[in-house]
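Shown next, in structure tokens, is the structure this report addresses.
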Amino acid sequence: MLTIDRYFNKTGSYAELFDDVAYAWDALKRIKTYIQKHLDAAINGTVMDGAFLIGDDIFIGEGTIVEPGAYIRGPAIIGNNTEVRQGAYIRGNVLIGDNCVVGHATEIKHSVMLDGAKAGHFAYIGDSILGQNVNLGAGTKLANLKITPSTVTVRFEGQSYDTGLRKFGAILGDRVETGCNSVTTPGTMVGYDSLIYPNATVRGVIPPAHILKSVATQTLTKRADMS
């Protein structure tokens, strides 16, 4: 349940990142060196007036559009036909595939978005990997830092696995979808084809092809002071 095959099919952009990886989170440790190896800085897409590109270590693929107000600080590799929308904030050691969306007021750092992944509105993606065709509902937050000063541990089937990572957000497998305002705690792992309902707080390891709901109890009482 913790290996790459429970999350990604290892095809498309950045597949090499997952070669010979023991646990899915180990791919996060390779992002910086992968970019150093493969980055050939170029702007092949359209960067509209009013967008900010900081540094000479940025690649933007053909057909990609960076809208006014977007801020990109390298190193970053952004694939083809991707949308970086107004107010997006991309800051350092980021890999974004083809046909992705980084939406308004969405922040992403030290993370990977594989082909077709979309974070359209008000998302935070920190130290995380989004599989192919993942969709984050508005306001989704992938929290990456524990309150206590220690590395992130993944617990599964009674065993604890120390990831060795001080910052580790989430692994979301291919085609995972999150509802609006859902939050993952550090070290969350969601298998491919799973669904997270709105307003859910997610932790631990979610198997492939499952649905997670948070059920809140509501109480409706008539006001005594109103006739």
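Position 131 of the sequence shown, counted from 1, bears residue number 224 in my numbering, the numbering being contiguous throughout.
From the three backbone atoms N, C-alpha and C, an ideal C-beta is built for every residue, glycine too.
Nearest-angstrom Cα distance between residue 164 and residue 224?
In a straight line, the C-alpha of residue 164 is about 23 Å away from that of residue 224.
According to DSSP, is residue 126 helix, strand or coil?
DSSP places residue 126 in helix when its eight states are reduced to three.
Which residues in the same chain as residue 292 place their Cβ atom closer than 8 Å to its Cβ, once the five residues preceding and following it in sequence are excluded?
Here residue 292 has 272, 273, 274, 275, 307, 309 as same chain residues with Cβ atoms under 8 Å from its own Cβ, once five neighbours each way along the sequence are excluded.
Can at least three beta-carbon pairs, one atom from the stretch 154 to 172 and one from the stretch 132 to 141, be found at a separation below 8 Å?
Segments in contact, yes.
Proximity of residue 152 and residue 132 at Cβ, strictly below 8 Å:
Their beta carbons are under 8 Å apart, which means residue 152 touches residue 132 by this criterion.
Could you tell me which of 287, 233, 196 sits nearest to residue 262, measuring between CA atoms?
When only C-alpha atoms are compared, the closest one is 233.
Bounding residues of the beta strand (DSSP E) (the contiguous stretch that carries residue 200):
That run of the beta strand (DSSP E) goes 200 to 202.
Cβ of residue 316 within 8 Å of any chain B Cβ
Here there is only one protein chain, and chain B is not present.
Starting from residue 207 and walking both ways along the beta strand (DSSP E), at which residues does that stretch end?
Boundaries for residue 207: no beta strand (DSSP E) harbours it, and the DSSP string shows neither H nor E there.
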